[in-house]
Amino acid sequence: MAVGVFDSGLGGLTVHQAIAARLPDLPLVYLGDNAHAPYGVRTPDDIFNLTCAGVARLWDEGCDLVILACNTASAAALKRMQETWLPADKRVLGVFVPMIEALTERAWGDNSPPRRVAVNNVALFATPATVASRAFQRELAFRAVGVDVEAQPCGGVVDAIEMGDEILAEALVTSHVEALKRRMPYPEAAVLGCTHYPLMQDAFQRALGDHVRVYSQAGLVAESLADYLIRRPEFTGPGQVAKHLTTGDPVRVSGKATQFLRRPVRFEAA
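Numbering follows my numbering, in which position 66 of the sequence shown is assigned residue number 1261; successive positions increment by one, without gaps.
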């Protein structure tokens, strides 16, 4: 009954960890495409092809349902995958919708017309590819009206986190928040639109100020998946073994993941 979790690198481990805590009996197969990270600076075609390859590899592990724990892949590839590539007996879910449901306080499956919500000014911090896709704004428009979204492409943050350079990552976060606040001085909420960014959530909060509510995705995605599996148990796949796979060097990636999560994590070659 395994479920797959795919990311371009290490950021999706934040989602994996939250799902494992929420659904401890569910075998999870994590695949990090570390050999091709980061995705945030790649073209939409590159992101689509790499994401399809990663998802297909997780199918081989017995995962009929795969979570794209990567905002860039969710933004640039998911819709195209669902429309042109996905077989009827498989499912691929992204990480945007649970976030937007929380932001707009709408229950899953609420298909009523868009309406005004409590938040008017939202800051979105994401990779350049996610910002360019405007996928967050598109999904938000299905559920809410009158929300002003100011998006900040956060170049370099993922690379710094993947390198384990927290000092550089924090400096970049501060710089990106300052750049956004020059365009939107008083955001009411901030969306961390990359699964790497929860690792820097304290830095985002400090730079934004205590009055800004910061939304990160891991717990929201885990809760949404638990609800989905209650309604669609047929998409738990036949896989039984939990594991961590990488397209990169397993020894190096294991070391970075252990540093990342502050507990031992062992990756195998994909």
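Ideal Cβ positions, reconstructed from N, Cα and C, are used throughout, including at glycine.
Taking Cβ to Cβ, would you say residue i is nearer than 8 Å to residue j?
i     : j     : result
V1224 : A1437 : yes
P1233 : V1353 : yes
L1281 : F1430 : no
A1465 : T1441 : yes
N1316 : M1379 : yes
G1204 : E1357 : yes
A1374 : Q1347 : yes
E1391 : G1206 : The sequence shown places His at residue 1391, rather than the Glu named in the question. Their beta carbons are under 8 Å apart, which means H1391 touches G1206 by this criterion.
Between the Cα of residue i and those of the options, spot the shortest distance and give me the residue it belongs to.
i     : options                       : result
F1455 : L1415, M1395, I1214 and F1320 : M1395
N1244 : D1255, E1256 and H1231        : H1231
G1359 : T1441, R1252 and T1453        : T1453
G1388 : R1427, T1325 and A1213        : T1325
G1289 : A1271, R1217, A1216 and N1316 : A1271
D1240 : M1379, K1274 and P1380        : K1274
F1466 : R1333, E1256, S1307 and P1308 : The chain is shown from 1196 up to 1465; residue 1466 falls before or after that span and cannot be answered.
Y1423 : A1302, T1246 and Q1400        : A1302
D1405 : G1206, P1382, D1343 and T1246 : P1382
R1310 : A1251, G1341, R1329 and R1426 : G1341
I1242 : S1328, A1384 and D1305        : S1328
F1331 : E1296, L1221 and E1361        : E1296
D1343 : E1278, G1351, A1384 and R1427 : A1384
R1252 : R1458, D1202 and P1393        : D1202
By Cβ distance, which residues of its chain are closer than 7 Å to residue i, with the 5 residues on each side in sequence left out?
i     : result
H1211 : V1200, L1223, Y1225 and A1264
R1447 : none
M1294 : V1386, Y1410, Q1412 and L1415
W1254 : K1285
A1355 : L1363, A1364 and L1367
G1235 : T1267, T1322, P1323, A1324, T1325 and V1353
P1445 : F1462, E1463 and A1464
R1237 : A1324
What are the boundary residues of the beta strand (DSSP E) that includes residue i?
i     : result
H1439 : K1438 to T1441
Y1225 : L1223 to G1227
V1352 : Looking at the DSSP string, V1352 is not in any beta strand (DSSP E); the run it does join, the alpha helix (DSSP H), is V1352 to M1358.
N1244 : No beta strand (DSSP E) holds N1244; the alpha helix (DSSP H) holding it covers P1239 to D1255.
A1321 : N1316 to A1321
R1461 : Note, R1461: premise wrong, no beta strand (DSSP E); not H, not E.
A1384 : A1384 to G1388
Where does the unbroken alpha helix (DSSP H) through residue i begin, and where does it stop?
i     : result
Q1347 : Here Q1347 belongs to no alpha helix (DSSP H); instead the beta strand (DSSP E) covers D1343 to P1348.
G1394 : One point to set straight first is that residue 1394 is Leu, not Gly, in the sequence displayed. Taken as a continuous stretch (DSSP letters only), L1394 belongs to no alpha helix (DSSP H), as it is neither H nor E.
G1450 : P1445 to L1456
G1414 : A1413 to R1426
V1372 : E1361 to R1378
L1273 : L1273 to T1279
R1333 : A1330 to A1336
F1291 : F1291 to T1299
R1286 : Note, R1286: premise wrong, no alpha helix (DSSP H); beta strand (DSSP E) at R1286 to L1288.
I'd like the list of long-range same chain contacts for residue i, defined as Cβ closer than 6 Å, with 5 residues on each side in sequence excluded.
i     : result
C1349 : F1320 and H1371
T1504 : No answer is possible for residue 1504: the residues shown for the chain start at 1196 and end at 1465.
G1443 : N1229 and A1230
G1257 : A1197, G1432, P1433 and G1434
S1269 : L1263, G1289, V1290 and F1291
T1369 : A1402
G1351 : L1367
E1361 : none
Would you check whether the ligand PLP has a heavy atom nearer than 7 Å to the C-beta of residue i?
i     : result
G1235 : The ligand content of the structure shown is nil, which means the ligand PLP is not present either.
Going by beta carbon distance, what residues of the same chain come within less than 8 Å of residue i, once the five residues before and after it are set aside?
i     : result
L1420 : V1198, I1214, R1217, L1218, I1262 and L1288
V1460 : L1208, H1439, S1449, A1452 and T1453
C1247 : A1272, M1276 and W1280
E1345 : N1316, V1317, A1318, L1319, L1375, R1378, M1379 and P1382
8 Å is my cut-off, CB to CB: does residue i come that close to chain B?
i     : result
P1348 : Among the chains of the structure shown, chain B does not appear; only one protein chain is present.
Pair every Cβ in the segment 1426-1442 with every Cβ in the segment 1317-1337, then say whether three or more of these pairs are closer than 8 Å. Touching, no, given that fewer than three Cβ pairs across the two stretches are closer than 8 Å.
Can at least three beta-carbon pairs, one atom from the segment 1337-1354 and one from the segment 1414-1430, be found at a separation below 8 Å? As far as the Cβ criterion goes, the segment 1337-1354 does not touch the segment 1414-1430, which means the pair count is below three.
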